[in-house]
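Here the structure comes first, spelled out in structure tokens, and everything after it is commentary.
Residue numbers (my numbering), protein chains in the order written: chain A, 1 to 113; chain B, 114 to 226.
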């Protein structure tokens, strides 16, 4: 069965600092991996996805993530945090043939001036 | 030009009542979903429909009944509401294949008094 673990329910950074949000997955077949962002009182917005091909994936708002099969990880990074990045971030895994996503428990990113 | 729209945005009602949430997507997608997000922000899939046909039912109580009149609409009817049903319910849609990202509505916050 698929599962996703997001380490750290809260991550605090200063504006301009590196953002690193961790995601590890479990899947019996090559996975599809997604990062979503949720701003207060809004739905989830896709940041980026990995399906096949290049393991370094670039997304919106300067975020990127690297698929590392050997580590079963898909960590999200951004070189320089902005105040507007403060939100809840969710990692999700999907599998071929199954039209459902399994989400991690989310990481709240706090950005201080 | 809203892609996935849900109504109502807020729903406050008493235990034992019956209520419905409506969802419409204008993206031309074949697959629609209902998710429940609890107070700890955990997201779990409830149902998935593909071309009006139920394909995923994740052991949701039968008080919850989804209905898809056409592939652009997926409504959720809840009978005999209980305190534990208080949550944010999200509708989502995607193209048929499991490597395609899901697009989310802004959610319906259901509060049971």
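Just so it is clear, CB atoms sit at the ideal spot from N, CA and C, and this is done for glycine as well.
| Query | Result |
| --- | --- |
| Residues, ordered as in the chain, of the region 17-51 of chain A that lie near chain B by beta-carbon distance below 7 Å | 32, 34, 42, 43, 44, 46, 49, 51 |
| Residues, ordered as in the chain, of the region 195-208 of chain B that lie near chain A by beta-carbon distance below 7 Å | 203 |
| DSSP three-state assignment for residue 24 (chain A), whether helix, strand or coil | strand |
| Per DSSP, cross-strand counterpart(s) of residue 15 (chain A) | The partner list for residue 15 (chain A) (beta bridge, DSSP) is empty, contrary to what the question assumes. |
| Validate contact between the region 136-148 of chain B and the region 49-68 of chain A using beta carbons, cut 8 Å, 3 pairs | no |
| Distance CB(residue 5 (chain A))-CB(residue 155 (chain B)) smaller than 8 Å | no |
| Three-state class that DSSP yields for residue 136 (chain A) in the structure shown | This structure gives no information on residue 136 (chain A), because the portion of chain A shown stretches from 1 to 113. |
| Amino acids of chain A, ordered along the chain, whose beta-carbon sits closer than 7 Å to that of residue 215 (chain B) | 101 |
| Chain B contacts from the region 49-75 of chain A (Cβ-Cβ distance under 9 Å) | 49, 51, 52 |
| Distance, residue 150 (chain B) Cα to residue 226 (chain B) Cα | 18 Å |
| CB contact flag (residue 206 (chain B), residue 120 (chain B), <8 Å) | no |
| Exposure label - residue 167 (chain B); buried when at least 16 CB within 10 Å | exposed |
| Proximity below 8 Å, CB of residue 87 (chain A) to CB of residue 77 (chain A) | no |
| Outcome for residue 43 (chain A) when other beta-carbon atoms lying within 10 angstroms are tallied against a minimum of 16 | buried |
| Identified DSSP bridge partners for residue 186 (chain B) | B:137, B:183 |
| Short Cβ contact (8 Å threshold) for residue 111 (chain A) with residue 3 (chain A) | no |
| Chain A contacts from the region 153-172 of chain B (Cβ-Cβ distance under 9 Å) | 153, 154, 155, 156, 157, 158, 161, 163, 168, 169, 171 |
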